[in-house]
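Data first, discussion second: the structure below is written as structure tokens.
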Amino acid sequence: MRTVNRQTGELVNAMTAVTKHIPRATTELLTESLSVVKQHEFAGLLIELGELLHAHADDHDADVPIVTDDQQHGPTDEQQPAGP
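With my numbering applied, the sequence shown covers 6 to 89.
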């Protein structure tokens, strides 16, 4: 099983969150019932998602090492090198 790195997981979570808003936003746009404030809020979500996706792509393009959740927290006591 392949480990998903934290950045990819956050990106997928953000995409899922935005996806949940799309049906209602689409309907309200078509019926002209989506307020200007809500339009700006939704646009902000889309911009943030786009920035996350750009950062994710840039890191993969630059071949930045992928850090998994296990690696992020450092070695456990069992993984510590033996002392002198």
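We treat Cβ as the ideally placed atom computed from N, Cα and C, and that holds for glycine.
Using the Cα positions of residue i and residue j, report the straight-line distance between them to the nearest angstrom.
i            : j            : result
glutamine 44 : aspartate 66 : 32 Å
alanine 62   : threonine 32 : 31 Å
glutamate 15 : threonine 21 : 10 Å
valine 17    : glycine 49   : 17 Å
leucine 3    : proline 28   : Lying before the first or after the last residue shown, residue 3 is absent from the chain, which here runs from 6 to 89.
aspartate 64 : valine 42    : 33 Å
glutamate 37 : valine 23    : 20 Å
Return the chain-ordered list of same chain residues with a C-beta closer than 8 Å to the C-beta of residue i, the five sequence neighbours on each side being excluded.
i                : result
phenylalanine 47 : His26, Ala30, Leu39
Cutting at 7 Å between CB atoms, please list the residues of its own chain near residue i, excluding the five before and the five after it.
i            : result
threonine 13 : His61
Runs of alpha helix (DSSP H) wholly within the region 9 to 61 (minimum 4 residues, chain order): 11 to 35
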